[in-house]
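Heads up: the structure comes next, in structure tokens.
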Amino acid sequence: MKTSLMNLNKILDLKKWKSLQDSLALVTKLAIITVDYKGVPITHHSGVRPFCKAMRDDPNTAKLCEKCDARGGLEAVRKNAPYIYLCHWNVIDIAIPIIIDDKYVGAIMAGEVKLADGKEHDSLEQMLTVPSKGFEHINNKEEIQRLYDSIPTLSYSEINEAAQMLYSLCNYIVEEAMNKNLILEVYEKMDPVTTVDFSNGYSLDNIQHIQKELANTVTNAYVKTSLNDHFVCKNKTLQPAFDYIYKNKSEKISQQMMAGLCHITTSYFSRLFVKETGKNFSTFISLQKIEWSKQLLEKTDLSIAQISDELGFNEPGYYIKTFKKYENITPSVYRKYYQETL
0 MKTSLMNLNK
10 ILDLKKWKSL
20 QDSLALVTKL
30 AIITVDYKGV
40 PITHHSGVRP
50 FCKAMRDDPN
60 TAKLCEKCDA
70 RGGLEAVRKN
80 APYIYLCHWN
90 VIDIAIPIII
100 DDKYVGAIMA
110 GEVKLADGKE
120 HDSLEQMLTV
130 PSKGFEHINN
140 KEEIQRLYDS
150 IPTLSYSEIN
160 EAAQMLYSLC
170 NYIVEEAMNK
180 NLILEVYEKM
190 DPVTTVDFSN
200 GYSLDNIQHI
210 QKELANTVTN
220 AYVKTSLNDH
230 FVCKNKTLQP
240 AFDYIYKNKS
250 EKISQQMMAG
260 LCHITTSYFS
270 RLFVKETGKN
280 FSTFISLQKI
290 EWSKQLLEKT
300 DLSIAQISDE
310 LGFNEPGYYI
320 KTFKKYENIT
330 PSVYRKYYQE
340 TL
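First residue of the sequence shown: 0, per numbering that gives the first Met the number 0; consecutive thereafter.
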């Protein structure tokens, strides 16, 4: 992954994330802000409490807030889970870590609430302790106290449930964003002349379509083109199906789908297919995919799981079982024997 993509503003579409962040703050009743690995905010503060806003607007106390955010985020990374703690003002905060390629790049900070249950309060860690003289410079202490008293209260279960929801959502969004960026990198390497703009956001269908095209490209790059790699039908009615099968090696292809492509019923397609190949549809497809997989085993360092995925098997276990059925050995043993003969 490119170094530039390790920055949060390269991973998240911040404009869309900020809008979602505002909605999440309303639903969870928590204030939310996204920070980098240093604890420095990269978004506005959704649902910020007036007390916390006053503290963050003051350059002196803002540094304490950022330090608290940074430490909370690092503790969340250490635990690899949402971390609920007390800030230096005894206000509940939550750090939801954002980890990319095992690197901590930032966190979603939520909270700014008080805890209703005093027993739970005592069990939480205070992230930063500041001597009382550290707050001597604060003006209008009565107003600050009033703002502090206005901070809403939630139960620990409500806070914990919101934390888990935010953690799951964050993981999903980052994974999808990384997926998009990885596809863009691979696409650019394959065709550096063509520029694809993903900045406006692509739907999941768009991404999956590109993934499918990339998978076919990778497979076709290593699977040798030969006379056996293109089936010329005696019965021309079936030719569209065979053209599709050989062009889309990475797909899970159904007989019903191929029948539709040939504009005939599934039962009629099945009879014609057996007459054409001497095999039923599922056996023919399995044999072809095993032959293609043998070339990937010979020519690439792709793992068994990756080859299984590249050729559209349901799971690696099914691929291994199918390979052994037709070759009497496992894919790993086949690769080992092939390498020993070189």
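No residue lacks a Cβ here, since even glycine has one placed at the ideal position from N, Cα and C.
None of the values given here were measured: they were computed from a predicted structure.
Looking only at DSSP bridge pairs, what is residue i linked to?
i: Val-34; result: Pro-40, Ala-106
i: Gln-125; result: Leu-85
i: Ile-97; result: Gly-105
i: Leu-114; result: Leu-153
i: Ser-45; result: Ile-31
When burial is assigned at 16 or more other CB atoms within 10 Å of the CB, is residue i buried or exposed?
i: Leu-237; result: buried
i: Val-192; result: Low confidence applies to Val-192: its pLDDT is 46, below 50, so where it sits in the model is not reliable, and the reading given next is rough at best. The residue is exposed, with fewer than 16 neighbouring Cβ atoms inside 10 Å.
i: Arg-48; result: buried
i: Lys-15; result: exposed
i: Gly-117; result: exposed
i: Ser-45; result: buried
i: Gly-38; result: buried
i: Lys-362; result: Outside the shown range of the chain (0 to 341) lies residue 362, about which nothing can therefore be said.
i: Arg-334; result: buried
i: Val-332; result: exposed
i: Gln-20; result: buried
i: Ser-292; result: buried
i: Thr-282; result: exposed
Who are the near neighbours of residue i in its chain, counting only those whose CB is closer than 6 Å to its CB and skipping five residues on each side?
i: Ser-198; result: Its pLDDT being 46, under 50, Ser-198 is placed unreliably by the model, and the measurement read from it follows with that caveat. For Ser-198, where only same-chain residues beyond five positions count, there are no Cβ hits under 6 Å.
i: Cys-51; result: Glu-111
i: Thr-152; result: Lys-113, Ala-115
i: Tyr-267; result: none
Return the first residue and the last residue of the alpha helix (DSSP H) that residue i is part of.
i: Val-90; result: From DSSP, Val-90 is part of no alpha helix (DSSP H); its letter is neither H nor E.
i: Ser-331; result: 330-339
i: Glu-309; result: 303-309
i: Thr-60; result: 58-78
i: Val-273; result: 265-276
i: Ser-249; result: That residue, Ser-249, is in no alpha helix (DSSP H); it is neither H nor E in DSSP.
i: Thr-299; result: From DSSP, Thr-299 is part of no alpha helix (DSSP H); its letter is neither H nor E.
If I measure Cβ to Cβ from residue i and keep anything under 8 Å in the same chain, skipping five residues before and after, which residues do I get?
i: Tyr-336; result: Ile-328
i: Tyr-103; result: Tyr-36, Gly-72, Leu-73, Val-76, Pro-96, Ile-97
i: Lys-274; result: Asn-234
By Cβ distance, which residues of its chain are closer than 7 Å to residue i, with the 5 residues on each side in sequence left out?
i: Arg-70; result: Met-126, Leu-127
*For the region 315-326 against the region 249-262, are there 3 or more C-beta pairs whose distance is under 8 Å?*
no
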